[in-house]
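Numbering (the working numbering), first residue to last: 0 to 276. Just so it is clear, CB atoms sit at the ideal spot from N, CA and C, and this is done for glycine as well. Let me begin by presenting the structure, written as structure tokens, before commenting on it.
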Amino acid sequence: MKKVIGWAIAAFTTTDGNRVQMRIGFFDSGLGGLTVLAESLRRLPAKDYLYMADTLHVPYGTKTKEDVRRYVLEAVETMVGQGIDALVVACNTATSIAINELREIYSMPIVGMEPAVKPAVEMNRATGKRVLVCATPLTLSMPKYYALVSRVDGNGIVDSLPLPELVDYCERLVFDGEELAAYFRRKLEPFDLDRYGIIVLGCTHFIYYRDALRRVLPESIEIVDGNAGTVRRLAALLTRYGISENDGSGDVRLMCTGGDPAYIRKMGIALDRARTL
């Protein structure tokens, strides 16, 4: 088990006074990207990690494109100042808006998120069932998302469902209960679920709700997300850049733009839960 150390402003040092070199940075507006970090901890357990949550501006999914772009660039600049040499933008919305510009600015390996629409469409090709993509309103409105669907959905089987309230539930650490069940039933009521084979969780915050969603869906519907694919891309990119998978000290360090110790503790709770998903 990795040692998790929370911090908000200053660079951390080890007990012997030596500065810890941060290797892989993970960034999200809040707690959602911790589900991607948890996947990376399983796949790359020997690395060092720095996770930043932009608590000053969460949630991103209801903000303007221009504001989110500015938030992301400012936060990543701060992370780079802390010594990261690879970055995972563990947020579908931030990826859609800023990933290309980040790659122009920085030469380090940078991995973004993409809703798992392509594998979902391929899995449903033989059944003729539909695919329902759940994400934030901003992600679903972006040209990047429309381009993805247009590229892989030749038969017009993909539908979209914005679930902005789910980010707020997550940020309040509300992961289960009748309130959530009622929320999912209300949001899914307009859909004939017998026509669907797969639901795609297109926001990293939503991964926490796989089990809660499972309880209100027909057993025949599969639930997929892009976390495992993202971490596979990260591992491949590290190899391409000649970065070893085994050169870290095993630390996970948490920070937030708001510098709130209470939120750092909340991040630790959410990461513990993400490790059990």
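Check for me: the alpha helix (DSSP H) holding residue i runs from which residue to which?
i	result
residue 38	33 to 42
residue 219	Premise fails: residue 219 is in no alpha helix (DSSP H) and is neither H nor E.
residue 166	164 to 170
residue 282	With the chain running from 0 to 276 in the structure shown, residue 282 is simply not present.
residue 120	116 to 123
residue 57	Per DSSP, residue 57 belongs to no alpha helix (DSSP H) and is neither H nor E.
residue 101	91 to 104
residue 207	Run containing residue 207: none; DSSP gives neither H nor E here.
residue 187	177 to 187
residue 70	64 to 80
residue 238	226 to 239
List the whole-angstrom C-beta distance separating residue i from residue j, where the pair is believed to meet the contact cut-off of C-beta under 8 Å.
i	j	result
residue 217	residue 61	Contact flag wrong, Cβ pair sits at about 30 Å.
residue 266	residue 33	7 Å
residue 107	residue 85	6 Å
residue 87	residue 98	Going by Cβ atoms, the distance from residue 87 to residue 98 rounds to 11 Å, so no, they are not a contact pair.
residue 199	residue 114	5 Å
residue 166	residue 116	That pair is no contact at about 20 Å.
residue 25	residue 36	5 Å
residue 29	residue 170	5 Å
residue 237	residue 244	6 Å
residue 176	residue 45	With a Cβ gap of about 37 Å, residue 176 and residue 45 do not count as contacting.
Which partner residues of residue i appear in the DSSP bridge assignment?
i	result
residue 24	49 and 86
residue 109	86
residue 158	131
residue 197	130 and 221
Among the options, which one has its Cα closest to the Cα of residue i?
i	options	result
residue 135	58, 237, 271 and 25	58
residue 96	272, 63, 231 and 154	63
residue 271	28, 23, 41 and 27	41
residue 172	44, 269, 273 and 241	269
residue 47	179, 126 and 81	81
residue 275	154, 114, 137 and 210	210
residue 180	193, 236 and 208	208
residue 192	177, 213 and 176	213
residue 232	161, 102, 110 and 252	110
residue 252	56, 148, 78 and 152	78
residue 190	152, 261 and 220	220
residue 154	124, 259, 100 and 241	124
residue 349	160, 105 and 150	No answer is possible for residue 349: the residues shown for the chain start at 0 and end at 276.
Which two residues bound the contiguous beta strand (DSSP E) that contains residue i?
i	result
residue 254	250 to 255
residue 134	129 to 134
residue 149	It is not in any beta strand (DSSP E) - residue 149 instead sits in the alpha helix (DSSP H) that spans 142 to 151.
Is residue i near residue j, with beta carbons less than 7 Å apart?
i	j	result
residue 228	residue 132	no
residue 174	residue 215	no
residue 195	residue 128	yes
residue 257	residue 54	yes
residue 38	residue 226	yes
residue 130	residue 206	no
residue 94	residue 122	no
residue 74	residue 223	no
residue 31	residue 138	no
residue 49	residue 83	yes
residue 247	residue 22	yes
Against chain C, with Cβ distances strictly below 7 Å, would residue i count as a contact?
i	result
residue 37	No chain C appears in this structure, which consists of one protein chain only.
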